[in-house]
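In case it helps, the numbering used here puts the sequence shown at residues 132 to 240.
A virtual CB, placed ideally from N, CA and C, is assigned to each residue, including glycine.
I have placed the structure first, in the form of structure tokens, so that the comments after it can refer back to it.
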Amino acid sequence: MSLHAEDLNDFQQQVEEAAHMARSLHTGSTAQDAAAVCRALASASKLSLRLALPAGSAAMPTTTGCADHPTGAVDPVAPPGWGTCLLCNARRRRHDAQQRTPGQRQPAQ
Ligand SMILES: [Zn+2]
């Protein structure tokens, strides 16, 4: 199956933009500048997945390993034994926090 022209164009533009941003970094750049390059590369990476495998493909790779959020954000500090999906891990952390502090939700007498 040939590549979809619009997706290919979007992908190539994002790669060019990310490369331009990366080349613009210098020793005086900030962490925010580097983070912007990181986001541009992640966006281009997602588009590359769309090009490589059509939507609904059984072999569609995921960036998170999560069936619910296959192209969602990756948790950079996922605890051992957890998945790498940031959305699912955030939900799990909230749930765990509520389990640890059951008494704090009751009103004081
Ligand atoms: Zn998830």
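Query, Result
"From this set, 143, 206, 229, which residue's C-alpha is nearest residue 181's C-alpha?", "143"
"Alpha carbon to alpha carbon, what distance is there between residue 223 and residue 229?", "10 Å"
"Among the residues of its own chain, which have a CB less than 6 Å from the CB of residue 177, if the five just before and after it don't count?", "202"
"Hey, out of 184, 171, 147, whose CA is closest to residue 133's CA?", "184"
"Check for me: the alpha helix (DSSP H) holding residue 133 runs from which residue to which?", "Per DSSP, residue 133 belongs to no alpha helix (DSSP H) and is neither H nor E."
"Please classify residue 146: does DSSP put it in a helix, a strand, or coil?", "helix"
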